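Chemist: Structure in structure tokens, see below.
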Amino acid sequence: MQSTDVMVEEMVRRRHRRRRTLVVSLVAVVVVVGAALVGAGLVRATNTAPDKAPSRVPAAVSDDKAGLVASEGTVRIDVYLDYLCPECRRTEKSLAGALRTLKASGDVSVVYHPVTFLDKRSSPAGYSTRAASAAACAADQDKFEEYTGVLFAQQPPEGGPGLSEAQLIAAGRDAGITGDAFERCVQDRTYTPWVGYVSDYAASREVALTPTVLVDGERVEVTGSDPAAALTRAVTEARK
Numbered sequence: 002m003q004s005t006d007v008m009v010e011e012m013v014r015r016r017h018r019r020r021r022t023l024v025v026s027l028v029a030v031v032v033v034v035g036a037a038l039v040g041a042g043l044v045r046a047t048n049t050a051p052d053k054a055p056s057r058v059p060a061a062v063s064d065d066k067a068g069l070v071a072s073e074g075t076v077r078i079d080v081y082l083d084y085l086c087p088e089c090r091r092t093e094k095s096l097a098g099a100l101r102t103l104k105a106s107g108d109v110s111v112v113y114h115p116v117t118f119l120d121k122r123s124s125p126a127g128y129s130t131r132a133a134s135a136a137a138c139a140a141d142q143d144k145f146e147e148y149t150g151v152l153f154a155q156q157p158p159e160g161g162p163g164l165s166e167a168q169l170i171a172a173g174r175d176a177g178i179t180g181d182a183f184e185r186c187v188q189d190r191t192y193t194p195w196v197g198y199v200s201d202y203a204a205s206r207e208v209a210l211t212p213t214v215l216v217d218g219e220r221v222e223v224t225g226s227d228p229a230a231a232l233t234r235a236v237t238e239a240r241k
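Dropping the structure here:
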């Protein structure tokens, strides 16, 4: 079995040939401030600027074209997630109530960044990209957060093929999406270039694993016993 260093070196060479920032998909146990993260998505972050954003981007895209804006306010919360990442599923569930309350206050801008760090952990590779592209299609229907909740509720195990195209489309119906536009968008994988850009942008900003949550650019520990309280405290401090 190849060592992690060898795997990383191989990915570097492949990524450079594509003139992209290196993205490596791993499953590991990572200790962050004493908390063990199992099944987190890892990336080797670089300071290399990503290629120019693609011309076609989903609705509600942020000014930097690297995220989806769910609310507007003075304090910015950035959430980086991978749809194959088990820790992202747990974090999404843990933070859902706190995020609803914070958004209702009108004080926070919540920006989601669907990344593809775990693409190599599905077989065939690429489920993270397919799911993130479908989620961007849901954003066009103003259903990104609802669709994200459905995808995490139906999260497939690592090492398998992931949800099929038909299942990704069906998940849209579960999220309340109607009409044919979403189905065509998923089938065409319309936002595949965009989610690649989002992942490269995240790596260039030294986002090294998923889930990552930032409040006004400062990382918040969301893998402890009470991630919702940690997020709320961080926002309260940022308001001062």
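Reminder that position 211 of the sequence shown reads as 212 in this note's numbering, one-by-one numbering, no gaps. Built from N, CA and C at the ideal position, the CB exists for glycine as well. Keep in mind that this is a model prediction, so the values were computed, not measured.
In this structure, what does DSSP give as the bridge partners for leucine 69?
Modeler: Partner residues in the beta bridge of leucine 69, as assigned by DSSP, are Val62, Tyr113.
Chemist: If you draw a straight line from the C-alpha of tyrosine 202 to the C-alpha of leucine 210, how long is it?
Modeler: 13 Å
Chemist: With a CB to CB cut of under 7 Å and the five nearest residues on each side skipped, what residues in its chain are close to threonine 193?
Modeler: Thr130, Ser134
Chemist: Label arginine 234 either buried or exposed according to how many other C-beta atoms from any shown protein chain fall within 10 Å of its C-beta, with 16 as the threshold for buried.
Modeler: The residue is exposed, with fewer than 16 neighbouring Cβ atoms inside 10 Å.
Chemist: By the three-class DSSP mapping on this structure, what secondary structure does aspartate 108 have?
Modeler: If DSSP states are grouped into helix, strand and coil, aspartate 108 belongs with coil.
Chemist: Tell me, to the nearest whole angstrom, how far the beta carbon of arginine 1 is from that of glutamine 156; I am working on the premise that it is less than 8 Å.
Modeler: Outside the displayed range of the chain (2 to 241) lies residue 1, so it cannot be described from this structure.
Chemist: At the level of alpha carbons, what is the spacing between glutamate 159 and leucine 82?
Modeler: 15 Å
Chemist: Please report the straight-line C-alpha distance between glutamate 166 and valine 187, rounded to a whole angstrom.
Modeler: Rounded to whole angstroms, glutamate 166 to valine 187 spans 7 Å at the Cα level.
Chemist: In the stretch 119 to 152, which residue ranges form an unbroken alpha helix (DSSP H) of at least 4 residues, counting only runs that do not cross its ends?
Modeler: DSSP runs (the alpha helix (DSSP H)) wholly in the stretch 119 to 152: 128 to 141.
Chemist: How is tyrosine 202 classed by DSSP in three states: helix, strand or coil?
Modeler: helix
Chemist: Only counting the same chain, and skipping five residues up and downstream in sequence, which positions put a Cβ closer than 6 Å to that of glycine 127?
Modeler: Only residues of its own chain outside the window of five on either side were considered, and among them Asp120 have a CB closer than 6 Å to the CB of glycine 127, listed in chain order.
Chemist: Using the beta-carbon count (16 or more within 10 Å), is arginine 19 buried or exposed?
Modeler: With a pLDDT of only 43 at arginine 19, under 50, the local geometry of the prediction cannot be trusted, and the value read off the model is given with reservation. With fewer than 16 Cβ atoms within 10 Å of its Cβ, arginine 19 is classed as exposed.
Chemist: For arginine 190, which of helix, strand or coil comes out of DSSP?
Modeler: The answer is coil: DSSP assigns arginine 190 none of H, G, I, E or B.
Chemist: Measuring only the C-alpha atoms, how far is glycine 107 from valine 236?
Modeler: Taking the CA atoms as reference points, glycine 107 sits about 12 Å from valine 236.
Chemist: Going by the DSSP bridge assignment, what does lysine 78 pair with across the sheet?
Modeler: Position check: residue 78 holds isoleucine in this sequence, whereas lysine was assumed. BP columns for isoleucine 78 point to Val111, Val216.
Chemist: So the alpha helix (DSSP H) arginine 1 belongs to, where does it begin and stop?
Modeler: Any question about residue 1 goes unanswered here, given that the chain covers just 2 to 241.
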